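Asks: Residue 73 in UniProt numbering is what sits at position 73 of the sequence shown, and the numbering runs on without skipping anything.
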Amino acid sequence: TNSEVPGHELRTRLLAAPGALAAAERDLERGLLTARGLDRVLRVAWTVADLRGAPRPEARDVAVALELRTGIHRGAPMEAGAL
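Here you go:
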């Protein structure tokens, strides 16, 4: 499952779509997210992508994961059926 994948694998082998992590990387640089928090965001983004039937997370999946992690609305659809 996504929860069992080591953080290192999420960052090096199981890559999100190009540019998908831009917002998460900005939050990491600003100190709003820790490296461990980034790993957790990536796990949730993979789960959101899986629920959509996508082969890998896109920016919208990362936005949903960041919103769930930080509570900061980022314009990602959160209503039922949006995934």
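Here a beta-carbon is modelled for each residue, glycine too, at the ideal position from N, C-alpha and C. On a predicted model such as this, the values are computed, not experimentally measured, just so you know.
Taking 6 angstroms as the limit between beta carbons, can you name the residues of its chain near Asp61, skipping five residues before and five after?
Replies: Within the same chain, Asp61 has close Cβ partners Ala45, Val48, Ala49.
Asks: Pick helix, strand or coil for Trp46, following the three-state DSSP scheme.
Replies: Reduced to three states, the DSSP call for Trp46 is helix.
Asks: Does the beta-carbon of Arg43 have 16 or more other beta-carbons within 10 angstroms, so that it is buried, or is it exposed?
Replies: With 16 or more Cβ atoms within 10 Å of its Cβ, Arg43 is classed as buried.
Asks: Is there a Cβ of chain C sitting closer than 8 angstroms to that of Arg60, yes or no?
Replies: This model lacks chain C altogether; it includes just one protein chain.
Asks: Go ahead and label Ala16 buried or exposed: buried means 16 or more other beta carbons lie within 10 angstroms of its beta carbon, across all protein chains shown.
Replies: When all chains shown are included, Ala16 counts as buried.
Asks: Using three-state DSSP, classify Leu10 as helix, strand or coil.
Replies: Leu10: helix per DSSP, three-state reduction.
Asks: Which whole-angstrom value describes the C-beta separation of Leu38 and Ala24, a residue pair presumed to lie in contact below a C-beta threshold of 8 angstroms?
Replies: Rounded, the Cβ-Cβ distance is 6 angstroms, consistent with contact.
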